[in-house]
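Participant:
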Amino acid sequence: MPAQTTELRVRDVRIRLHRAGQGPTVLFLHGAGGVPQWLPFFDMLAEHYELLVPEHPGFGGSDDPAWIRSMPDLAMFYLDLIEEAGLDGIHLIGNSLGGWLAAEILIRDRARFRSLVQLAPAGICSKGVPPGDNFIWGPEEALRNLYHDQSFADRILALKPSEEQMDVMLRNRFTVAKFGWQPRWLNPDLEKWLHRIKLPALIVWGDNDKIMPPQYAALWKERLPDARLVRVKDCGHLPHVEHAGPVARHVRQFLEGVAP
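Put into structure tokens, the structure is as follows:
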């Protein structure tokens with residue numbers, strides 16, 4: 014299903030937005046890699062829902078305002094965006110950094126949301142189990158550590174990125190460092206507020222995740238008031254990429270069970 018790419022302006026910040034499908038609204042918050050392409054997983058969701066995939070400030074084709082300095086700033090910006098766009102009854106999905114952002118949004122205001130899907134989120138960690146440190150890995154190592162099935166990494170490494178794509182990748186990396194450099198990939202205050210996310214939640218985690226260790230899944234399930242957990246075998250940090258079909262089915266079944 015072809016996606017339409019448009020732009021939104023919120024507080025004089027230009028945001029690139031990809032959208033497809035019709036039905037209840039699903040808002041997907043991307044991870045550290047941005048939105049380099051429209052994924053099969055997105056097509057599967059867009060068959061049943063109106064899917065919105067924005068590029069966060071500082072990523073891809075969106076503006077990078079100096080006043081967005083932290084994940085809490087980014088969460089408040091998204092609450093402004095959602096209000097100005099008139100969105101309501103939202104099913105919120107986040108992966109990695111996007112999952113962290115989803116939690117930061119919902120601990121502040123959940124009024125316009127119906128559910129939460131977390132795909133290997135960052136933001137909190139288990140004591141004594143540090144996250145993978147992609148800030149010290151080389152580019153190929155960082156890419157390979159995203160996947161259990163290395164054929165995904167092989168296909169990407171076989172492509173020669175354009176100069177424009179290289180610029181976007183570098184820009185994304187600077188923005189990721191702004192939000193996740195110190196402390197690494199977490200907000201120490203987030204965990205104590207997760208009880209405020211009183212929404213049905215689905216947590217999906219790959220058993221072979223080298224970025225956000227699988228041990229974190231139990232902590233998220235414990236801290237969210239109404240959560241179920243799906244573990245995905247032979248899967249790294251991007252379950253919606255490596256196992257798009259099964260993960261999309263889990264997500265659709267979960268969303269169909271959420272009360273209107």
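Sequential numbering from 14 applies to the sequence shown in this note's numbering.
The beta-carbon is built from N, C-alpha and C at its ideal position, and this holds for glycine as well.
1) Where does residue 38 land, buried or exposed, given buried means 16+ other C-beta within 10 angstroms?
2) CB residue 69 to CB residue 159, shorter than 7 Å?
3) Alpha carbons only, please: which of 43, 83, 32 and 252 is nearest the one belonging to residue 203?
4) Between the segment 148–155 and the segment 122–132, can you find at least three pairs of beta-carbon atoms closer than 8 Å?
5) Do the segment 224–243 and the segment 85–99 make contact, defined as three or more Cβ pairs closer than 8 Å?
6) Could you have a look at residue 136 and say whether DSSP puts it in helix, strand or coil?
7) Looking only at its own chain, which residues have a Cβ that is under 6 Å from the Cβ of residue 62, when we skip the five neighbours before and after it?
8) Alpha carbon to alpha carbon, what distance is there between residue 67 and residue 22?
9) Taking DSSP as the reference, what is the three-state secondary structure of residue 271?
10) Give every residue of the same chain whose Cβ lies closer than 6 Å to the Cβ of residue 240, excluding the five residues on either side of it in the sequence, and list them in chain order.
11) By the three-class DSSP mapping on this structure, what secondary structure does residue 185 have?
12) Could you check whether residue 132 and residue 108 sit closer than 7 Å to each other, using their CB atoms as the reference points?
13) Can you list, in chain order, the residues of its chain whose CB lies under 8 Å from that of residue 147, leaving out five sequence neighbours each side?
14) According to DSSP, is residue 32 helix, strand or coil?
15) Out of 28, 30, 14 and 41, which one is the CA nearest neighbour of residue 253?
16) Given a threshold of 16 other Cβ atoms within 10 Å of its Cβ, counted over all protein chains shown, does residue 14 qualify as buried or as exposed?
17) Is the beta carbon of residue 142 closer than 7 Å to that of residue 53?
18) Go ahead and pull the three-state DSSP assignment for residue 242.
19) Compute the beta-carbon to beta-carbon distance between residue 260 and residue 245, rounded to the nearest angstrom, for a pair I have assumed lies under 8 Å.
20) Assuming residue 74 and residue 29 are in contact, meaning their beta carbons sit under 8 Å apart, how far apart are those beta carbons, in whole angstroms?
21) Indicate the three-state DSSP secondary structure (helix, strand or coil) for residue 174 in the structure shown.
22) Can you say whether residue 19 is buried or exposed, counting buried as having 16 or more other CB atoms within 10 angstroms of its CB?
23) Would you kindly report the start and end of the unbroken alpha helix (DSSP H) that includes residue 82?
24) Could you compute how far the alpha carbon of residue 96 sits from the alpha carbon of residue 183?
25) Per DSSP, what are the beta-bridge partners of residue 17 in this structure?
Facilitator: Straight from the coordinates:
1) By the Cβ neighbour-count rule, residue 38 is buried, with 16 or more other Cβ atoms within 10 Å of its own.
2) no
3) 83
4) no
5) no
6) strand
7) 34, 36, 37 and 39
8) 12 Å
9) coil
10) Taken in chain order, the residues that qualify are 214, 216 and 234.
11) helix
12) Yes, these two residues count as a Cβ contact at 7 Å.
13) 45, 155, 158 and 224
14) strand
15) 41
16) With fewer than 16 Cβ atoms within 10 Å of its Cβ, residue 14 is classed as exposed.
17) no
18) strand
19) 7 Å
20) 4 Å
21) coil
22) exposed
23) From DSSP, residue 82 is part of no alpha helix (DSSP H); its letter is neither H nor E.
24) 31 Å
25) 32
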